[in-house]
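Notes to accompany the following structure.
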Amino acid sequence: MTTTRSPSMHRLGAVMVLGLSLALPACGGGGGGGTDTTTSTSGVSTDDTSTTSTTTTGDTATTSPTSTTTTDGPTASTTPTSTATTDDTTASTTSTTTGGTERSLSFFVSSTGSPTGNLGGLEGADQRCQDLADAVGAGDKTWHAYLSVEKGPDDQPVHAKDRIGAGPWYNAALVMLAADLTELHTLDGDPDLFLDENGEKVPGQWQGSPAPNEHDILTGTNKDGTVAAGLTCADWTSEDSTLFAQVGHSDGLGPMGSDAEQYRSWNSVHESGGCNDTAPKGGAGRVYCFAVD
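Counted the way mature numbering (1 follows the signal peptide of the UniProt record, and there is no 0) counts, the sequence shown spans residues -28 to -1, 1 to 265.
Listed below in structure tokens is the structure:
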């Protein structure tokens, strides 16, 4: 029996074959293209992420000494500045914290004095300073009285400024009196600065001061720290009423609390009432004491 296929069936088979042949290349090519596209997209994404990560890492690793990126440059510059600021602050704090050790007592007005201008010479006056310092725990230093004499070793004058060290000097409150000799000799008297070894203010002309006035401090010295000729009570060995000593005002004040220029000097204001008695005019035979070392 012979089978006869209709023309419509031939057309259907041809269409199916054609469709299959078209589908196969499209699937293979499309798959490759899809994979390439995906790979490319993934690569861009990864590169972008990597770039961002690297930048972020660069900014974060600003302290790395091996960093050479442009971003690290400014950051590295900022980092040392920050470190320097921290170091400066620390040093300042350390200085303040350890200031109590460094700023030990190195100056005071003697709390005791002599009724006359006979102090036992420079040696006797220095010993007074040394003993008073020792009483408050500062006797490990060498102390000298701020006094001038006309005839020292080899009959040469001795100036007060040359026998007290180079500074700086601190009072009993650990406040700096002066940093050096130059600064010291530009000062005016001040009741809150010129304290005795116990940290007490010297009775004077300041408001509320107890009596009697004792602000006249023996120096025998001019304002520049040199000897005041004829005003040293025979180099601190005489009780003669016809001899005198130059004195300064520890509070820098005059009668009725006057702060006129003529009363301000801490080391040289006027002559004493006489070497026989240090009390007249407002004294008590006190001296200024300085640590030499």
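C-beta atoms are modelled at their ideal positions from N, C-alpha and C, and glycine is treated no differently.
From a predicted model like this one, the values you see are computed outputs, not experimental measurements.
Item: Using DSSP with H/G/I as helix, E/B as strand and the rest coil, what is THR250?; Value: coil
Item: Verify whether the separation of the beta carbon atoms of LEU104 and GLU169 is less than 8 Å.; Value: yes
Item: Find out if the Cβ-Cβ distance for the pair ALA217, CYS247 is shorter than 8 Å.; Value: yes
Item: Between GLN102 and LYS253, what straight-line distance do the alpha-carbon atoms span, to the nearest angstrom?; Value: 27 Å
Item: Shorter than 7 Å, the distance from the beta carbon of LEU190 to the closest heavy atom of the ligand MN, or not?; Value: The model depicted lacks the ligand MN and carries no ligand whatsoever.
Item: Spell out the partners DSSP gives SER237 in its beta bridges.; Value: ASP160
Item: Under 8 Å: do the region 82 to 99 and the region 147 to 167 share three or more Cβ pairs, one atom per stretch?; Value: no
Item: Given 8 Å as the limit, is there contact between the region 201 to 219 and the region 168 to 184, that is, 3 or more CB pairs closer than that?; Value: no
Item: Please classify ASP168: does DSSP put it in a helix, a strand, or coil?; Value: strand
Item: Could you please give the first and the last residue of the uninterrupted alpha helix (DSSP H) stretch that includes GLN99?; Value: 93 to 107
Item: Chain B beta carbons: is any one of them nearer than 8 Å to that of ASN90?; Value: The displayed structure is made up of one protein chain only, and chain B is not part of it.
Item: Label SER17 either buried or exposed according to how many other C-beta atoms from any shown protein chain fall within 10 Å of its C-beta, with 16 as the threshold for buried.; Value: In this prediction, SER17 scores a pLDDT of 37, lower than 50, which makes its location untrustworthy; the coordinate-derived value is nonetheless stated afterwards. Result: exposed.
Item: Please say whether SER244 and THR188 have beta carbons closer to each other than 8 Å?; Value: Thr is not the amino acid found at residue 188; the sequence shown has Asp there. For ASP188 and SER244, yes; Cβs fall inside 8 Å.
Item: First and last residue of the alpha helix (DSSP H) that includes residue 268?; Value: Nothing in the structure corresponds to residue 268, since the chain is present only between -28 and 265.
Item: For LEU119 and TRP208, which I take to be in contact (beta-carbon distance under 8 Å), what is that distance rounded to the nearest angstrom?; Value: 6 Å
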